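A quick write-up on the structure given underneath.
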Amino acid sequence: MAASIGSVTRQIAALEISTTTKKPSNLPSSSSSSSFRPGHVKQNSQTNVSKLLTKFSAPNPFPNTKPATSSSLRNPLAATTTEKPAIKTPRPLDIGSYDGGLETDNEKRGEKVYGEAADDLALDSSVNGKNPTREWTLHDFDMGRPLGKGKFGRVYMVRTKSEPKYILALKTLYKSEIVQSRVEKQIRREIEIQQNLRHPNVLRLYGYFHDEKRIFLMLEFAGKGELYKQLSKYGRFSERRSAKYIYQMADALIYLHGKHVIHRDIKPENLLLGINGELKIGDFGWSVHAPGNRRKTLCGTLDYLPPEMVEGKDHTERVDHWALGVLTYEFLVGNPPFEDKNSVNNTYRKIAKVDLRFPKGLSPEVQDLISRLLQHDPPKRLALDQVISHPWILQHSKSWAP
Ligand code: AMP
C-alpha cells in the first residue's frame, strides 16, 4: 500500500500547476479565462471587510521567504520626523471568540493511532510535495469563532500570529475516527490532491500539520459559508444567479479535468461561498486523480449519480458533466431532477431512463443546457468549454460581467 501512496504522491507532485482553462471563443481575445471571471473581476463598493478578507486570505500567504518587516515598508519620513507614518495599516479583522472546543474535544474523543495508519496520517506540508510550506503548529494561530462541525472534527476561523496575519479556516480531523471509518488512504489522497490545486473557484488548502491525535488543515476561509444553506433559505435561485454559479463550476471543472482530477461528488453540500459570493468547490473526499484511468467504485450521492455509475459501468470525468446538469436543475427548481423521496429504486430507475421533466417557468435556454448535460451516453454530454459559452450563460453573463 505504501508503494501505491508513494506513486500517487509522485504523480501529483509531477503535476504542473498551471491553468488549462480555455476561454470561450466568443470572448474578447485579450481576456484569458481567469481574467474573464465575471464574479471575480466585478469589484463593487461593498464593505471594507470584504477587501480586508480578500487581502487576508490572499492566494499565497505562506511563501518560504520571510515577509518584509514593517521597517522596510514604513514611510521614509517617519525615520527623521516624529510624525506618524502616513500609511494607514488596516485594523485586524475580528475573528470572533473561541469556545475552547478543541480542548474539550481533545479530552473526550480521539486516541493515538499506530502502525501503517499512523504513517499514512502523519501529514505535514512542510515535508511533503514539491511546494513545502514552513512548519506549522497549533501555537501559530489565534483561535476565533467556530465555523462548523464536520464528520471528523471541528472547523474554526483563525488568524496566523505572525505577520502578515492571515485569516484561515482551520479544520481538525481526529486520526482514530478516520481509522475507524477506514478512510485513511482517501483522506490522504484528498489532502494531496487539494494542496496542488490553484483556481479561484476551488478552495485552497494552504498547508497541514498533525499532532498525536489530530490532523489540521489550513483552508481558505469561505466568508459566505455554505451554498447549501443559501439554497435551503431561498428554496431556489434565480436564473441569473444560477448561471453565474454554473459558469464558475464549469470553469473550475475544466481546470480539474485538465489535471486529471475527477471530482465525482458535486452537490450543493460540497460547495462554499467566498467573501464576494464566488463559488468554491470545497470537498475532495471522493475525487480521484486518475490519468487515463477508468474507475468502477460506486460513490457519490444518489441524486447526482450518472447512469453509468447506477448501472455499475466504468466511468470517466464525464460523471462531473452529468452532475453539473443535476446541479443546474437543483439550483433553479429546488430539488434534483430524479429525486424520489419514497424510493431509492425509483431514483435509480429515473436516472437510468433519464426521466427528465421540467416544471413550468424555466427558460428554453436553460432547458437546452440541462438536456445537453443530462445525456445517458457520456461522450454525448456537452463539453465544458461549450457550457461556458452556452447561450444561457452568455445571456446572463451580461449582468455579472465587468
Ligand atoms: P466539513 O468538515 O468540511 O463538513 O465542515 C464543517 C462545516 O464547517 C461546514 O459545513 C462549513 O459550515 C464550515 N466550513 C468548513 N470549511 C470552511 C471554510 N473553508 N470556510 C468557512 N467555513 C467552513
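Residues in the sequence shown are numbered from 1 upward in steps of one, following the UniProt record's numbering. For every residue, glycine included, the Cβ atom is placed at its ideal position computed from N, Cα and C. Since this is a predicted model, take the numbers as computed values, not measurements.
Nearest candidate by alpha-carbon position, reference residue i, set the options
i, options, result
"V387", "S399, I275, Q367 and D377", "Q367"
"L93", "G110, I167 and S125", "I167"
"W272", "K130, Q186, L147 and S97", "Just to set this straight, residue 272 is Leu in the shown sequence, not Trp. Of the candidates K130, Q186, L147 and S97, the one whose C-alpha sits nearest the C-alpha of L272 is L147."
"residue 412", "M143, R145, R188 and M309", "Here the chain covers residues 1 to 402 and nothing more, so residue 412 does not appear."
"E365", "Y255, P336, Q248 and R240", "R240"
"residue 403", "V354, W392 and L384", "With the chain represented from 1 up to 402, any question about residue 403 goes unanswered, as that position is not in the structure."
"A122", "P337, F209, G235 and F358", "F209"
"G312", "H321, A352 and M143", "A352"
"E278", "K380, Y255 and Y247", "Y247"
"G153", "N131, G110 and V333", "G110"
"S176", "N196, P307, D119 and K130", "D119"
"residue 440", "V261, D211 and M143", "Here the chain covers residues 1 to 402 and nothing more, so residue 440 does not appear."
"G129", "I187, H139, Q194 and E107", "Q194"
"L253", "K171, R318 and H139", "R318"
"K171", "N345, G258 and L102", "L102"
"E184", "F221, K149 and V113", "V113"
"R357", "T347, G235, Y348 and P337", "P337"
"L302", "A243, N106, D99 and A323", "A323"
"K224", "K350, L197 and A169", "A169"
"I362", "W400, K341, D385 and S242", "The amino acid at residue 362 is misidentified as Ile; the sequence shows Leu. The candidate whose alpha carbon is nearest that of L362 is S242."
One or two residues paired with residue i in a DSSP bridge
i, result
"A169", "M157 and L219"
"R214", "Y174"
"L273", "G225 and L279"
Distance cut-off 6 Å: residue i Cβ against heavy atoms of ligand 1
i, result
"L170", "no"
"A222", "yes"
"V155", "yes"
"G277", "no"
"L147", "yes"
"E190", "no"
"G150", "yes"
"E226", "yes"
"L219", "yes"
Supposed close pair residue i, residue j - CB separation, criterion 8 Å
i, j, result
"Y174", "K213", "6 Å"
Inter-stretch contact at 8 Å, needing at least 3 Cβ pairs: the region 192-211 / the region 273-287: Touching, yes, given that three or more Cβ pairs across the two stretches are closer than 8 Å.
The region 226-242 in contact with the region 157-168 per 3-pair CB rule at 8 Å: Counting C-beta pairs closer than 8 Å gives fewer than three between the region 226-242 and the region 157-168, which falls short of the contact rule.
Three-pair Cβ contact test at 8 Å for the region 320-340 versus the region 257-273: At 8 Å Cβ cutoff, the stretches touch.
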